[in-house]
Amino acid sequence: MLDSLKRRGVQGADVIVNHFLEAELKGHSSHGVQRMIPLLKGLDVGTIRREISFSVERETNSSLYIDGNRSIGIVLWDLLIKRVTNSDVFLISVRNASHIGYLGYYTSRLASIGVMSIMFGNAEPSVVMPGTTKKVLSTSPISIGIPPDLVLDMSLASTSRGKIVEAKRKGEKIPLGWAVDEEGKETDQPERALMGGILPLGGRKGFYLSLFLDMLTSSISGSEIAENVVGVLNTSKPPNKGEVLIEVKYYHQVKLPHIEGEMPGKHGEKIMKEAIKSNLLEVDEFLMEELRKLA
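Numbering-wise (the numbering used here), the sequence shown opens with residue 3 and increments by one.
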C-alpha cells in the first residue's frame, strides 16, 4: 500500500497506511484496506489531490473553517487535530476533502491527551427512510472521545456500506434488517442491498437523528447535503462532503458508574492487541487482487 501511494507522489502516505492498518487491526475492516481502492482510483483520475492543499475560510479564537480542496482527508485531519489552541471549546469544520477514515482515530488521539471531543460528518447517500426505496442520507458516522481512553465510534445506520461491499466480495449473505432491495423489501443478498439501500439505526427515529446530523454538518461546514453529497466512492467527481469536530478542554471530572460488559472502544483495542501479538493481519484474496491491479 505504501509503495502504491509513494509512486503516485502522495503527501502523508505513511499516515494513510497507518490509519488503514489501525482500522483493520481494530476490526473496522469496512474502513480499512478496502478503502485504498477508491482512494487510488480518485488519485489516478484527478478527483483527489496528491498534495495537501487547503484554504482557511474563517478562523477565530474558538473556530476554524477549512475548504479541503480535494485533499486526502486522513492526512488533513491528522494535521488539524495537532493544532495547539488556548480555547476551552474549539470547533473545526472541513468540506470538500476526500476519505477521512474512521472517526474514532481522531477522537481517541484527542482523548489520550486529555481533550474531550465529538466528531461527525456526512457522505454519499446510502440510507433509505423506512418504507421507501430512495437513498437520501449517508450512514452518518459519529464518534465521541472521553479522556483518557473511552471512545464511541458508530454510525446511525444499521451497518456501513463497506460491510455490505465486503460481504459481496466474499460471497456471503448479510443479516436481515441491515438493508432493503430496490423494491423496499428486506434482503440478505448484498448485491440487492447495494441496489436498494441501508436501513437507519432505530427506524424512523434513527433516520430523523441522521437527518439533523446531516443538516448540522452541511450548515456548519458548508458542504452539500443529503442526496447532493459526493463522497469517496464516486471517483468520477470531486468530493463535496463535510465533517465537524468539537474539542472540549475544560470539563468536570465525573465518576463512571459501574457497567457490566465492555465499554465502547475496548473491544477494538482487544482485537488489535491480539492481532499484534499473533503478528497476523488477514486480508481476503479478492481484495488483495484488486489492490495489485491498481498498484
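Cβ coordinates follow ideal geometry from the N, Cα and C atoms, glycine included. The structure presented is a predicted model; accordingly, all values stated were derived computationally and were not measured.
So, for residue i: in the same chain, excluding its five sequence neighbours on each side, which residues have a beta-carbon less than 7 Å away from its beta-carbon?
{"i": "Leu211", "result": "Leu158"}
{"i": "Glu126", "result": "Ser140, Val231, Val232, Gly233, Leu235 and Asn236"}
{"i": "Glu188", "result": "Leu178, Gly179 and Val182"}
{"i": "Ala228", "result": "Pro127, Val138, Leu139 and Asp216"}
{"i": "Ile176", "result": "Ile166, Ala169, Asp190, Pro192 and Ala195"}
{"i": "Tyr252", "result": "Asp90"}
{"i": "Ser55", "result": "Asn71 and Ser73"}
{"i": "Tyr104", "result": "Ala25, His30, His33 and Asp155"}
{"i": "Ala277", "result": "Leu27 and Leu283"}
Less than 9 Å between the beta carbons of residue i and residue j, yes or no?
{"i": "Ile83", "j": "Tyr67", "result": "no"}
{"i": "Val19", "j": "Phe122", "result": "no"}
{"i": "Gln36", "j": "Arg171", "result": "yes"}
{"i": "Glu26", "j": "Gly14", "result": "no"}
{"i": "Ile76", "j": "Ile102", "result": "yes"}
{"i": "Leu42", "j": "Leu283", "result": "no"}
{"i": "Ser64", "j": "Leu93", "result": "yes"}
{"i": "Thr135", "j": "Gly198", "result": "yes"}
{"i": "Asn71", "j": "Ser225", "result": "no"}
{"i": "Leu45", "j": "Val12", "result": "yes"}
{"i": "Glu249", "j": "Leu112", "result": "yes"}
{"i": "Ser223", "j": "Gly208", "result": "no"}
{"i": "Val58", "j": "Trp79", "result": "no"}
{"i": "Lys239", "j": "Thr49", "result": "yes"}
{"i": "Gly164", "j": "Ser6", "result": "no"}
{"i": "Leu293", "j": "Ile39", "result": "yes"}
{"i": "Ser160", "j": "Leu201", "result": "yes"}
{"i": "Ser142", "j": "Pro241", "result": "no"}
{"i": "Asp69", "j": "Asn98", "result": "yes"}
{"i": "Ser52", "j": "Arg85", "result": "Here the sequence assigns Arg to residue 52, which means Ser is not the residue at that position. Cβ atoms of Arg52 and Arg85: not closer than 9 Å."}
{"i": "Ala267", "j": "Ser110", "result": "Position check: residue 267 holds Gly in this sequence, whereas Ala was assumed. Yes."}
If you reduce the DSSP assignment to three classes, tell me which class residue i lands in.
{"i": "Leu247", "result": "strand"}
{"i": "Arg206", "result": "helix"}
{"i": "Asp286", "result": "coil"}
{"i": "Arg60", "result": "strand"}
{"i": "Pro143", "result": "strand"}
{"i": "Ser157", "result": "strand"}
{"i": "Ala1", "result": "Lying before the first or after the last residue shown, residue 1 is absent from the chain, which here runs from 3 to 297."}
{"i": "Lys268", "result": "helix"}
{"i": "Met331", "result": "This structure does not reach residue 331, given that the chain is present from 3 up to 297, and the question cannot be answered."}
{"i": "Met38", "result": "helix"}
{"i": "Met217", "result": "helix"}
{"i": "Ser6", "result": "helix"}
{"i": "Leu235", "result": "coil"}
{"i": "Lys175", "result": "coil"}
{"i": "Val77", "result": "helix"}
{"i": "Ile227", "result": "coil"}
{"i": "Leu105", "result": "coil"}
{"i": "Val17", "result": "helix"}
Report the partner residues of residue i according to the DSSP bridge assignment.
{"i": "Leu93", "result": "Ser65 and Ile248"}
{"i": "Gly316", "result": "Here the chain has residues from 3 to 297 only, and residue 316 is not among them."}
{"i": "Val167", "result": "For Val167, which the question treats as bridged, DSSP gives no partner whatsoever."}
{"i": "Ile148", "result": "Leu152"}
{"i": "Gly199", "result": "Val182"}
{"i": "Val138", "result": "DSSP lists no partner for Val138."}
{"i": "Val129", "result": "Leu139 and Ile200"}
{"i": "Glu188", "result": "Val182"}
{"i": "Met302", "result": "Outside the displayed span of the chain (3 to 297) sits residue 302, for which this structure offers no information."}
Output needed for residue i: all residues of its chain with C-beta closer than 6 Å, excluding positions within five of it in sequence on either side, in chain order.
{"i": "Gly29", "result": "Gly270 and Ile273"}
{"i": "Gly106", "result": "Ser145, Val153 and Asp155"}
{"i": "Lys8", "result": "Ala15"}
{"i": "Ile120", "result": "Ile146 and Ile248"}
{"i": "Gly186", "result": "Thr135"}
{"i": "Val285", "result": "Val35"}
Counting only the same chain and skipping the five closest in sequence on each side, list residues whose C-beta sits under 8 Å from that of residue i.
{"i": "Phe288", "result": "Arg171 and Lys172"}
{"i": "Glu303", "result": "Past the edges of the chain, shown from 3 to 297, lies residue 303, and the structure says nothing about it."}
{"i": "Asn281", "result": "none"}
{"i": "Pro150", "result": "Ala113, Ser114 and Gly116"}
The region 257-273 contacting the region 127-135, beta-carbon criterion three pairs below 8 Å
Too few Cβ pairs lie closer than 8 Å, so no.
Check whether the region 179-193 and the region 143-157 touch, using three or more Cβ-Cβ pairs below 8 Å as the test.
Counting C-beta pairs closer than 8 Å gives fewer than three between the region 179-193 and the region 143-157, which falls short of the contact rule.
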